[in-house]
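Trainee: Residue numbers (the numbering used here), protein chains in the order written: chain A, 13 to 805; chain B, 3 to 516.
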Amino acid sequence: MFLKHSQIAPALASRLLTAAEAAARAIPPAFPLEATVAVNPFLGQAAMDLAQASARLARVGGVGLTRPRADLAAQVQAGAISDDDLAEALIACASPLKPADLAMLKARMQGAAPTPKALPTVAELAAQASGTDWPVLIERSFGLWAAGHFDRGQALWTPRPGMGAFAAWREWAIHDLTPEIAGLDGFCAHVAQAPDTADRAIVRAADRLGLTEAAAEGVFHRLLVDLGGWPMHARWLLWQAELRGTTDTTLTDLLAIRLIWDEALLAHCPAIRSDWQATVAAHAAPVLPSPDQVLDSILQEAAERAHQRQLAARLTGPAPRAGRARLQAAFCIDVRSEILRRALEGQDGGIETLGFAGFFGLPVAHRPTGTDEAQAHLPALLVPAMSSTSHQEPAQEAATRINARARRAWGRFRQAAVSSFAFVEAAGPAYGGKLIRDALGLGAGPAAPQPMPRLDPGLTAAQKAQTAAAILRAMSLTTGHARLVLLIGHGAQVTNNPHESAYHCGACCGQTGEVSARLLAALLNDPQTRTGLAALGLALPADTLFVAGLHDTVTDTVLLYRDQPSPDHAADLNQAQRWLAAAGQQARAERARLLPSARANTLARRASDWAEVRPEWGLAGCGAFIAAPRTVTAGRDLQGRAFLHSYDWTQDTGFATLELILTAPVIVASWISLQYFGSTVAPEVFGGGNKLIHNVVGGIGVVEGNGGRLRPGLPWQSVHDGTRPMHEALRLSVLIEAPLDPITDILRRHAQVRQLVDNGWLHLLALKNGQIAARYRAGLTWDQAGTPMPSAA
Amino acid sequence: MLTLPLIALSPLVLAGAALPLALRPGRRPGRLPALAEGAALASLALAVLGVGQLVLSGPHTLWLAGSAIVRLDAVSATLALLVSFLGWVVLRYSRRYLDGETREGWFGCLTLLAIAAVLVLVQAASLPVMVAAFAITGGLLRQLLLFYPDRPAAQRAAAKFTRSWVAGDLALALATVLVWHGLGTTRIADLAQVPALDGAGHLAVALLVLAAALKTAAFPLHGWLTEVMEAPTPVSALLHAGIINAGGVLLITLSGLVQHSAGAMAALVVLGGFTALFGALVMLTQSAVKTALAWSTIAQMGFMLLQCGLGLWALALLHIVAHSLYKAHAFLSSGGAVREVNAVRKPGAVAIPGVGAVARSFALALALYVVVAAGFTVLVGAKSPQALALGTMLIFGVSYLIAQGLADAAPGALTRRTVGASLAAALAYFSFQVLAQIVWGPMLPPAPTAGALEWALIVLAVLSFGLVAFAQALFPLWAHHPSTAGLRVHLANGLYLNALLDRMIGGFRMSPNS
């Protein structure tokens, strides 16, 4: 033998690296808190169904993916889930492990569900054997490094920029004495002697850990989950890189780092070798759901069917309307708009509202005043195709920046080593005033409107008309325009809340909808656009004015941006303001019932209270997505739980708009619902933890207390009011008013969307005349009135 | 003559409000959180009245059964006002923040009692009262740190805190015995009049310094303070703005005694100065906002000990007040860090000053200092060498502000803004210092006449602060140099002292819960 033992065959090495890549892609991205959007935490498990994903995540994360069995059983007892729901869910389940009949299902439902337990890591086995808490030590030591490496400006002294994660960590770890102080002798030397690239380190560690090809992906996934949110942040870096057409290796670098730890610990603790071999063998076994996981997924499905049944009872057919509307208002599809839309329509029979994704179809990267950094204002799935700016005149712009830089210099004065003492002596007493101001909530107020945004570079006359036409068609807003059409984005005014952007508009990538709404209003009011639209056969009435607005989802007030002077519409605008004010009052009364310690007239205070951890409920409760004309849902109380997208298939030539809806807003909505789902059913892995002990790290995320584990996802306080969960974990029910064939066609063409519906990550139901008429089944088939119907394809 | 200092009633008011909360320790205890805030406001009002009482009728002592319990003087009134004010802010914050927590009522109860205990501590008229207040404060804080009792990290932090705090309590108790034995009194007013110390007295002062160092998280036993963000944010605010000051309060209250020991004063200068620079350097490397704030507290407390060691007692008290207000706000508003961090990046790259710019900024800052100091000398009289040295150290810090504006790439408008801010900062702290001297100076001993030892320490302190300030201004030029990578790692780990302590006390062992 002239090969050394550690030089494993190239073919195996390449398969191990494939397993590493697969494990990396099993991790969902976590967007930084500066502009966070909901991501499906099971993105990497979309090819599995719920029971199988549950089995996988039980093994690698120790979590279950269904609501607690006892809760669901209690709902059956209480009658909220009917026997029909259970029977339908049972029939729909394709697993051979399912209970034989309803009686058995109900009998087994009463038994206790086993607590999922992750397979141990080497660190956990070593901890049991040696008594030293290696997992905590790794969390702390790795977390301290990662916090510095991914820091976006908290610390003044960050690590040397421009190094890859693996190289940077090696530089850190060969100096960090903590592991050796804790008893892991020779760790610095171990790191120094480790291979100099992540790939080689992964292959060597896999060899030394005795990983078989079959076990590798499971072990790798387990280790990435063990690092908490950091790999999810790295997955976001990869996501961003792939949107730009490049790639990023941070995620596999993190895996290599974690493997080097376990490699060292196994050598340090040889006594655990046989336990570890058994663990590797367990990882090599195929991931199959247990009968319990199948049972729980049936109960979960039954709860979703119960929700659909309640929805069906409300959807009894369209309420027709006629005549030119007195006011039209387009809102974001966000579930929080539903309450305000219903309240606004209730003010006058002539008010019509529409739902459309809050970026209003303009895929812009926006540069606000005072910075050259561009922010994405579009769904996270898309790449910006336009750019816009709110930069002011050069002199004003320069003054804005000098102000910001002077403030920054003062901030560095406060933070730097010796000057921090001078800062405290000079400015400390002034903080007494700030304490009074903030304790009384006097400092915060609604964000001032930005300087008027504009597309930069601007569009040609032809582009303006084409863009406007495409957007109006996508909104199903091609005829019957009122004199005044409001385009209302949304944002949440909160104070001192690290998760602020999670309350903003998901369709605007965690920003408020202000920029998008104002840009579109300006585009649609532009005379060049109007002329071009007429030429495209989409003439708008000359007296129609578009006005942008921003719905503050904490206070339910709507700010209208009167960017375009139009004296003719003064009366219309004043009337609209009055209606919006009255609707806001009604919406506050409705929302206050669900918020703890709230009354309708105190909601506004939550926006400026620096101690408020539940300013509003965000999208908690979201359960359905309805794409249909508003007449189908108007006047029905959907309890702020439904995304409402206006869609009229009769106007949709070639079903291009339907395709857009199924591939963008439906996906975004399902991600949101699954993020709430994950944060509720598996908060240890996918939830953001306890807000009361949050410690913001690097400006990108939070850890709990003194911990080193980044916590992405929604905090516990965002889904729980203290006594009960405020989000009922349900997979999204998507209801679309359209013929079945075009839907089937679109699913056939879009494998990703089809995967989500085929594997049950969302339910797809078709509406006909405003009533549920068919349910999608896996394999491009539909159930109509209870009988399976082959799709006419 | 009125013999009851009104502020003495505030602990009773707070404890009274804590009682019903103890009976309803669970979630959403009705209107009791509002009652707690009301009690805090009442306590604040009593403190304000107490200040009025002090102004109108001078210092008081409350005697009970022949023992001095609490006192009213300029120091105690200031601290009681500060603690009541922060207590109100913290309780008001907790009312919303803790809403819906399983042990919401219990949290309110503990917080009220902790504030009450600190109020007793700062007003204590004799050492035994102080010892008891210290012990009770520690016990309550321990319960607050264990607010989430199942978190292993919280258990570790609480264990570490308890060891340090109790060790401080023991040192203080022993000092009390020695003082009582040697001087025959433990009344603070009497101790201020002691003309000189015998051997036991020196030992007692050494123990007092030890207790203060432990309680202000001074190097090398600072580890506990960096881990205690395991409890809800208001606890951190209370701890970093209130309780952590107790060590300083101890020294200032007993300054008459402490200043008799030149060795103790020298130890404070060395320990405080080193802790200040050490903590401030570690702070630079911390990427988690609360952790960075904790290291900042360690540094600021070190600076306060340095001021004590220089005999600048009034300025140390000023530092306590200023730092408490700043740090309470910093913790309570730490949720804004996401917005703040990202706002910092927006205006583009930071202009980096070169060596020349830094040298100019130092010259400018020193010139500024000479002018301002001369002005103040003309107005309010000559300053001690210690005060002048302290001013120099502070002006080194200001030079950093100027340096940022003098960087070659910085536009003129920015330079004017930073120089203006520097001038404002210099004027502000000299004014505050004058004010501190007027309010508290008369009842605190003046800085000792500087002998050889004092001068040596002054020079050492000024030089080391100057050196670090110079390095800090040139920071971008060397911070990312490969040769400093190791230094950064060691500093980010706080020079491993906490890890060593963990190893000694079993902090790396598996927690029984995990």
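Quick reminder that beta carbons are idealized off the backbone N, C-alpha and C, glycines included. All values derive from a computational prediction rather than experimental measurement.
Give the residues of chain A in contact with G371/B, contact being defined as C-beta atoms less than 8 Å apart.
Mentor: Residue identity check: residue 371/B is Tyr in the sequence provided, not Gly. Simply none; closest approach about 11 Å.
Trainee: Under 8 Å, Cβ to Cβ, is there at least one residue of chain B near Q505/A?
Mentor: No - not a single Cβ of chain B is within 8 Å of the one on Q505/A.
Trainee: Can you tell me which of A233/B, T451/B, A266/B, A294/B puts its alpha carbon nearest to the alpha carbon of A156/B?
Mentor: The option with the nearest alpha carbon to A156/B is A233/B.
Trainee: Leaving out five residues before and five after L722/A in sequence, what residues of the same chain have Cβ atoms less than 7 Å from its Cβ?
Mentor: Excluding positions up to five away in sequence, the list reads G240, G241, W242, H245, V709, G713, V715.
Trainee: Is V272/B close to chain A? Criterion is C-beta to C-beta, closer than 8 Å.
Mentor: Not closer than 8 Å to any Cβ of chain A, the Cβ of V272/B fails to qualify, so no.
Trainee: Cα-Cα, which of L93/B, A76/B, L317/B, L241/B is closest to A41/B?
Mentor: For A41/B, the nearest C-alpha among the options comes from L93/B.
Trainee: Indicate whether at least one CB of chain B lies closer than 8 Å to the CB of I269/A.
Mentor: So, not an interface residue.
Trainee: Pick out whichever of V57/B, R33/B, A24/B, I246/B has its Cα sitting closest to the Cα of V85/B.
Mentor: Closest option to V85/B, Cα to Cα, is I246/B.
Trainee: In the structure shown, what three-state DSSP assignment does A786/A receive?
Mentor: Strand.
Trainee: For L498/A versus V395/A, is the C-beta distance shorter than 8 Å?
Mentor: Contact flag unset, no.
Trainee: To the nearest angstrom, report how far apart R787/A and E342/B are at their CA atoms.
Mentor: The straight-line gap from Cα to Cα measures roughly 48 Å.
Trainee: I want to know whether the stretch 181-192 of chain A touches the stretch 495-511 of chain B - three or more CB-CB distances under 8 Å.
Mentor: With a cut-off of 8 Å, the stretch 495-511 of chain B and the stretch 181-192 of chain A count as touching, because enough Cβ pairs lie within range.
Trainee: In whole angstroms, give me the CA-to-CA distance for S238/B and A449/B.
Mentor: Looking at the two C-alpha atoms, the distance is approximately 33 Å.
Trainee: Quick check for students: name the residue ranges of the alpha helix (DSSP H) that lie wholly in the stretch 742-775 of chain A, counting only runs of 4 or more.
Mentor: Fully enclosed alpha helix (DSSP H) runs of 4 or longer: 752-761, 763-770.
Trainee: Applying the criterion that 16 or more other CB atoms from any shown protein chain within 10 Å of the CB defines a buried residue, is K110/A buried or exposed?
Mentor: By the neighbour-count rule (16 or more Cβ atoms within 10 Å), K110/A is buried.
Trainee: Quick one: grab the DSSP three-state call for S386/B.
Mentor: If DSSP states are grouped into helix, strand and coil, S386/B belongs with coil.
Trainee: Tell me which residues share the same chain as L278/A and place their Cβ nearer than 8 Å to its Cβ, disregarding the 5 neighbours each side in the sequence.
Mentor: Cβ neighbours of L278/A beyond the five flanking positions: V134, A138, R220, L221, I284, R285, W288.
Trainee: Going residue by residue through the stretch 613-665 of chain A, where are the continuous alpha helix (DSSP H) segments of at least 4 residues, counting only ones entirely within it?
Mentor: Complete alpha helix (DSSP H) runs here, min 4: 615-620, 642-645.
Trainee: Is it buried or exposed, K16/A, if we count other Cβ atoms within 10 angstroms and call 16 or more buried?
Mentor: Interpretation of K16/A is limited by its pLDDT of 48, a score under 50 that renders its predicted location unreliable; no figure is taken from the coordinates.
Trainee: Are the beta-carbon atoms of S658/A and F371/A separated by less than 8 Å?
Mentor: No. Outside cutoff.
Trainee: What three-state label does DSSP hand T556/A in the structure shown?
Mentor: Note: T556/A maps to coil in three-state DSSP.
Trainee: Going along the stretch 228-260 of chain A in order, which residues come within less than 8 Å of chain B, judged by CB to CB distance?
Mentor: Taking 8 Å as the Cβ-Cβ cut-off against chain B, none of the residues of the stretch 228-260 of chain A qualify.
Trainee: Could you tell me whether the Cβ of V566/A comes closer than 8 Å to any Cβ of chain B?
Mentor: Not one chain B Cβ lies under 8 Å of V566/A.
Trainee: Mark R653/A as exposed unless 16 or more other C-beta atoms lie within 10 angstroms of its C-beta, in which case mark it buried.
Mentor: Per the 10 Å Cβ criterion, buried.
Trainee: For L722/A, which residues in chain B fall below 9 Å Cβ to Cβ?
Mentor: Simply none; closest approach about 10 Å.
Trainee: Let's see if you can read the secondary structure: which residues bound the alpha helix (DSSP H) around F432/B?
Mentor: First-last of the alpha helix (DSSP H) with F432/B: 414-442.
Trainee: If you compare alpha carbons, which of R81/A, G647/A, A82/A, P44/A is closest to A159/A?
Mentor: Taking only the C-alpha atoms, the option nearest A159/A is P44/A.
Trainee: Take the Cβ of R182/A as the centre, count every other Cβ of all protein chains shown within 10 Å, and call the residue buried at 16 or more, exposed below.
Mentor: With 16 or more Cβ atoms within 10 Å of its Cβ, R182/A is classed as buried.
Trainee: If you run the structure through DSSP and keep just helix, strand and coil, what is W315/B?
Mentor: W315/B: helix per DSSP, three-state reduction.
Trainee: Taking a contact to mean a Cβ-Cβ separation below 8 Å, would you say A636/A touches L747/A in this structure?
Mentor: A contact, by the Cβ cut-off of 8 Å.
Trainee: Could you spell out where the beta strand (DSSP E) holding A269/B opens and where it closes?
Mentor: First-last for A269/B: 264-286, but that is the alpha helix (DSSP H), not the beta strand (DSSP E).
Trainee: DSSP three-state call for I345/A: helix, strand or coil?
Mentor: Looking at I345/A - three-state DSSP - the assignment turns out to be coil, as it is neither helix nor strand.
Trainee: I'd like to know whether the C-beta atoms of R626/A and P641/A end up nearer to each other than 8 Å.
Mentor: No, Cβ-Cβ distance for R626/A and P641/A is not below 8 Å.
Trainee: Taking a contact to mean a Cβ-Cβ separation below 8 Å, would you say G311/B touches G281/B in this structure?
Mentor: Not a contact, by the Cβ cut-off of 8 Å.
Trainee: Counting along the chain, where does the beta strand (DSSP E) carrying R426/A start and finish?
Mentor: Not the beta strand (DSSP E): R426/A falls in the alpha helix (DSSP H), residues 406-427.
Trainee: Using three-state DSSP, classify Q387/A as helix, strand or coil.
Mentor: It is a strand residue.
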